[in-house]
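In what follows, a single structure is set out as C-alpha cells and then discussed.
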Amino acid sequence: GSRALAPWLTAPRARPTRSLTMRSDAALKKGIAEFYDESSGIWEAVWGEHMHHGYYEPNEKASSFARHLEAQDEMIEKALERCGAADVAARCAAAGRRMRVVDIGCGIGGSSRYIARKYNASVVGYTLSPEQARRGNELSAGLDVELRAADATNTSLPDGSFDLVWSLESGEHMPDKKRFVGEMARLCAPGGAVSCVTWCHRDLKRDEALRKRERAVLGAVNYCYYLPKWCSGADYRELFAKAPGFSRKAIVDDWTPNIAPFWPAVFRSALRWSSLKGLARTGVKTARGAVAILLMIVGYRLGTIKFVAVAAAKEPAGAPAGGVPGLY
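Position one of the sequence shown corresponds to residue 1 (my numbering), numbered consecutively onward.
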C-alpha cells in the first residue's frame with residue numbers, strides 16, 4: 001500500500017546515473033529481446049497469453065483474479081472500439097476480402113489471436129523476442145496468425161499493407177517515436193485505422209520540464225524494462241498530425257483511471273510462491289522487472305506516468321482532407 005511506497009515518494013531527488021539513461025538503440029533492442037525471452041514464460045504461467053494492462057471502470061475495486069483477466073480482454077475491446085476497427089472490418093468484407101492486421105510488439109500473440117478470431121482477420125505480429133515468436137506461433141495453430149521475430153519499425157513491407165495497425169503497449173519501447181509513428185502511418189492502408197495504446201509521461205506545458213523526482217523514477221523504470229526516452233500523449237497527437245494521410249486530428253485519451261487496479265494486482269501475483277520460484281530460475285533481467293512493478297505504481301501515483309490510447313484514421317484514397325466522417 002501507500003506505506004510501502006512512502007520511501008519512494010519522499011526520497012531525495014537524485015539524478016539518474018548514465019547507466020539508467022544512456023543505452024544505445026542497439027543495446028535497448030538486445031536488452032528487450034533478452035528480457036522477454038527470459039520472462040515471458042513466467043508471465044504466461046501466471047497471467048496467460050495477454051501481456052498488457054486490464055481496463056476497469058473508474059474507482060473499480062477488482063475483487064478476483066478472474067476479474068483482472070477479464071479486464072485484459074476488455075482492454076482489447078475498448079481499443080478496437082476506439083479506433084473503429086469494426087467499421088474497417090466491415091469495409092473489407094464489403095470489398096470481398098478479410099481485414100489485414102499488423103500487431104507491432106505482439107508479445108506471444110494474445111491480441112493477434114483475439115483479433116483474428118473476432119474479425120476472421122489475417123494477422124502478422126512482430127516481436128524482438130525469438131522465444132515470444134516461437135511460443136506465439138505454437139499457440140496460434142489453426143489461425144491465420146504469423147508472429148515474426150523482427151523489428152517492426154524496419155521492414156521492407158509495401159506501403160498500405162494493413163487495414164488495421166495495432167500496437168498495444170509497445171510504443172514505450174520505441175527509441176525513435178517519430179519513426180515509430182511514421183512507420184505505423186506508412187503501413188496503414190487508405191481507409192484503415194491505427195490503434196496505439198502506450199505508456200506516456202504527463203503532458204507538459206510550454207517550456208515545462210519533468211521534475212527531478214519524476215525523471216529519477218522514469219530513469220529507474222527505463223533501466224529495468226529497457227525503455228528509451230518517454231514522450232507524452234500530446235507528442236503522439238502532433239506526430240500523427242504530420243503523417244501523410246492523417247489530416248484528421250488523432251484521438252488521444254487518458255485511460256490512467258481505468259488501469260488503476262492492475263499494477264497492484266501484478267505486484268501481489270509476483271509474491272506468489274510459484275512466481276517467486278519462477279524468478280529464482282530466471283536471470284537478473286526478470287528480477288529487475290519485478291522490482292520495477294513498484295516503480296510503476298510510484299510513477300502513476302506521482303501523476304508522472306499516464307496510460308494513453310491513441311486512435312487515428314487514414315483517409316480513403318481520393319478522399320478530401322479531413323478524415324473519415326463518423327469513424328470515431
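All C-beta atoms, glycine included, are put in the ideal place defined by N, C-alpha and C.
Should the stretch 147-167 be regarded as contacting the stretch 123-135, the criterion being three or more beta carbon pairs within less than 8 Å? yes
Presumed contact (8 Å Cβ cut-off) between F246 and K314, rounded CB distance: 6 Å
Verify whether the separation of the beta carbon atoms of V252 and R268 is less than 7 Å. no
Beta-carbon gap between G109 and S63 smaller than 7 Å: no
Nearest residue (CA-CA) to A209, options D176, C188, S232: S232
Between which residues of its own chain and L168 is the CB-CB distance below 6 Å, once the five residues before and five after are set aside? H52, S111, V197
Candidates E77, L157, N120: which alpha carbon is nearest A93's? N120
Suppose the cutoff is 7 Å on Cβ atoms and the five residues either side in sequence are ignored; what does the same chain contact list for R186 look like? D159
G182 (DSSP reduced to helix, strand or coil): helix
Count the other C-beta atoms from every protein chain shown that fall within 10 angstroms of the C-beta of G142, then say buried if there are 16 or more, exposed otherwise. exposed
To the nearest angstrom, how far is the alpha carbon of P58 from that of G299? 18 Å
So, under 8 Å CB-CB, G191 and R91 are touching, yes? Tell me the CB distance rounded to an integer number of Å. 6 Å
Applying the criterion that 16 or more other CB atoms from any shown protein chain within 10 Å of the CB defines a buried residue, is G1 buried or exposed? Here G1 scores only 43 on pLDDT, less than 50, and its place in the model is too uncertain to base an answer on.
With a threshold of 6 Å on Cβ separation, who are the neighbours of V310 within its own chain once the five nearest residues in sequence on each side are excluded? C196, Y236, A250, V252
Quick one: Cα of Q72 to Cα of A86, how far? 19 Å
Taking the alpha carbon of I76 as the reference point, which residue from H50, R100, G171 has its own alpha carbon closest? H50
For C92, three-class secondary structure by DSSP: helix
Helix, strand or coil for S285? Go by DSSP, reduced to three states. Reading off the sequence shown, one finds Lys at residue 285, where the question assumed Ser. Reduced to three states, the DSSP call for K285 is helix.
What span of residues does the alpha helix (DSSP H) with S384 cover, start to end? The displayed coordinates of the chain run from 1 to 328. Any statement about residue 384 would go beyond what the structure contains.
Distance, W199 Cα to G171 Cα: 7 Å
Can you tell me whether L157 is buried or exposed? The criterion is at least 16 other CB atoms within 10 Å of its CB, across all chains shown. exposed
Taking the continuous alpha helix (DSSP H) assigned at S247, which residues delimit it? No alpha helix (DSSP H) contains S247, which DSSP labels as neither H nor E.
Might you give, ordered along the chain, the residues of its own chain that have their beta carbon closer than 7 Å to the beta carbon of R3, omitting 5 neighbours on each side? Since pLDDT at R3 reaches only 39, below the 50 mark, its modelled position is unreliable, and the value read off the structure follows with that caveat. Correct list: empty, nothing qualifies.
Out of A193, F35, C106, point me to the one whose CA is closest to G84's CA. A193
Given G219 as reference, the closest of L164, M296, A243 once Cα atoms are compared: M296
Beta-carbon contacts of R100 that lie in its chain and below 6 Å, excluding the five residues immediately before and after: S122, F162, D163
Skipping 5 residues on each side, what residues in its chain have a beta carbon closer than 7 Å to that of G303? R202
Indicate whether L128 and A33 have their beta-carbon atoms separated by less than 7 Å. yes
By the three-class DSSP mapping on this structure, what secondary structure does Y126 have? strand
Do you know how far the Cα of G54 is from the Cα of A265? 10 Å
Looking only at DSSP bridge pairs, what is K306 linked to? C200
Mapping the DSSP letters down to three states, classify W273 as helix, strand or coil. Here the model assigns W273 a pLDDT of 45, short of 50, so the residue's position is not dependable and the matter cannot be decided.
Thinking Y126 and G107 are a contact (beta carbons under 8 Å), I'd like their distance in whole angstroms, please. In fact, because the Cβ distance is near 10 Å, the residues do not count as touching under 8 Å.
Nearest-angstrom Cα distance between A45 and A234? 36 Å
Top-ranked residue by Cα proximity to H173, from G318, P316, G31: G31
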